Ligand code: GUN
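Residue numbers (the working numbering): 1 to 295.
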């Protein structure tokens with residue numbers, strides 16, 4: 001069993017990005033710029049956004065954080081997005097989800113200029129992904145593809161089982177793994193809450209991507225010997241013994257499953273770090289497009 005270390009793989013991606021930024025700056029060009037909108041102060045969102053900003057700065061990107069009150073109106077948020085759409089100094093726009101209930105996520109996502117949609121959530125990006133047209137890939141599935149690439153994990157002809165069908169992870173993941181890509185060409189089964197024989201199907205997976213948001217859901221009896229296990233779960237669980245009062249749990253019962261696997265991502269320290277690497281790569285693509293630089 002080998003750990004797929006998100007810290008190592010993300011550091012490799014970031015090092016390459018930093019080299020590219022250093023070259024751009026040496027050419028007297030501006031730095032790539034990511035703008036993040038955070039509505040309210042959800043604890044997990046605060047952590048993710050802080051990490052996105054820190055990572056931007058580490059590789060020489062400009063990162064702007066726009067904080068809006070929990071009670072901001074939908075129109076108020078849409079008008080901030082409009083400003084960023086029209087601001088030529090901004091390459092990528094990310095609205096941290098979830099949003100307060102009174103705001104339509106769909107409307108918000110659709111209002112982002114598809115050329116700046118570094119989250120890859122806009123219908124144009126999602127449509128391009130399905131059609132195999134180069135586009136912004138949602139950061140988490142993108143990060144997982146980068147992880148498979150970094151550790152050179154064979155995927156061609158393998159059976160990948162994706163648990164979860166969200167627009168952010170499961171669905172785009174299933175498309176990428178089945179696409180004709182260096183780390184695609186899998187036969188993919190996508191399981192969800194209405195899959196009656198999920199355990200049986202999961203146990204057939206050469207590669208299992210658990211993205212359902214249920215801590216410890218994948219048990220040893222659900223995986224076959226030598227499977228590659230990708231754990232996307234990041235649920236906060238109250239834990240008085242921890243300084244922060246909680247611990248982070250993945251969707252896989254790591255203790256049980258790790259010994260049976262060939263490769264496994266830990267939580268934390270696995271997919272989460274790769275997600276940011278995916279986002280940074282998307283932002284550089286947006287920048288290059290805006291600046292007319294060949295990708
Ligand atoms: N909330 C949880 N994951 C994500 C993500 O990848 N992008 C955004 N914008 N919000 C999220």
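The beta-carbon is built from N, C-alpha and C at its ideal position, and this holds for glycine as well. Just so it is clear, the structure is predicted and the values come from calculations on it, not from any experiment.
- [ ] Kindly list the residues whose CB is nearer than 6 Å to the CB of residue 253, restricted to its own chain and excluding five residues on each side of it in sequence; keep chain order.
- [x] 216, 219
Task: Segment contact, 8 Å Cβ cut-off, at least three pairs: the segment 282-290 with the segment 232-252 - done: no
Open item on the list: Going by C-alpha to C-alpha distance, which of 61, 291, 180, 193 sits closest to residue 131?
Closed with: 180
Open item on the list: Between which two residues does the beta strand (DSSP E) holding residue 191 run?
Closed with: 187-191
Open item on the list: Can you tell me where the alpha helix (DSSP H) holding residue 171 begins and where it ends?
Closed with: 170-178 is the span of the alpha helix (DSSP H), which, as asked, contains residue 171.
Open item on the list: Contact between the segment 253-263 and the segment 79-88 is defined here as three or more beta-carbon pairs at a separation below 8 Å; is this criterion met?
Closed with: no
Task: Delimiting residues of the alpha helix (DSSP H) encompassing residue 51 - done: Per DSSP, residue 51 belongs to the alpha helix (DSSP H) from 43-58.
Task: C-alpha distance - residue 110 paired with residue 229, whole-angstrom precision - done: 33 Å
TODO: With DSSP collapsed to three states, give me the class of residue 228.
DONE: strand
- [ ] Give the straight-line distance between the Cα atoms of residue 135 and residue 277, rounded to the nearest whole angstrom.
- [x] Distance between the alpha carbons of residue 135 and residue 277: 16 Å.
Task: Nonlocal neighbours in the same chain, by C-beta distance under 8 Å from residue 151, ignoring five residues either side - done: 2, 4, 9, 263
Task: Same chain only: Cβ atoms within 8 Å of residue 269, ignoring 5 sequence neighbours per side - done: 5, 6, 7
Task: Sequence-distant residues of its chain with Cβ nearer than 7 Å to residue 99 (five each side left out) - done: 39, 105, 108
Open item on the list: For residue 30 and residue 185, what's the separation of their Cα atoms in angstroms?
Closed with: The C-alpha of residue 185 is placed about 38 Å away from the C-alpha of residue 30.
Task: Rounded Cβ spacing between residue 275 and residue 139 (contact assumed at less than 8 Å) - done: 5 Å
Open item on the list: Buried or exposed for residue 119, going by 16 or more other Cβ atoms inside 10 Å?
Closed with: Classification of residue 119: buried, given that the 10 Å Cβ count is 16 or more.
Open item on the list: From the DSSP secondary-structure annotation, give me the bridge partner or partners of residue 265.
Closed with: None, per the DSSP bridge assignment.
Task: Pair within 8 Å by beta-carbon distance, residue 233 and residue 267 - done: In contact: residue 233 and residue 267 (Cβ atoms closer than 8 Å).
- [ ] Return the first residue and the last residue of the alpha helix (DSSP H) that residue 195 is part of.
- [x] Residue 195 -> no alpha helix (DSSP H), and no H or E assigned at all.
- [ ] Drop a sphere of 10 angstroms on the beta-carbon of residue 141, count the other beta-carbons inside from all chains shown, and report buried for 16 or more, exposed for fewer.
- [x] buried
TODO: Please confirm whether any heavy atom of the ligand GUN lies closer than 7 Å to the CB of residue 190.
DONE: Because no heavy atom of the ligand GUN lies under 7 Å away, the Cβ of residue 190 does not count as near it: no.
Task: Touch test, the segment 15-32 against the segment 71-82, Cβ-Cβ under 8 Å, three pairs minimum - done: no
TODO: Return yes when the C-beta of residue 230 is under 7 Å from any heavy atom of the ligand GUN, and no when it is not.
DONE: no
Open item on the list: Within a Cβ cutoff of 7 Å, which residues of the same chain sit near residue 175, ignoring the five residues on either side of it in sequence?
Closed with: Beyond the five residues adjoining it in sequence on each side, residue 175 comes within less than 7 Å, by CB distance, of 129, 130 in the same chain, given in chain order.
Open item on the list: Does chain B have any CB closer than 8 Å to the CB of residue 203?
Closed with: Absent from the structure is chain B; it holds one protein chain and no more.
Task: Rounded distance between the beta-carbons of residue 227 and residue 91, thought under 8 Å - done: Contact doesn't hold; Cβ gap of about 38 Å is too wide.
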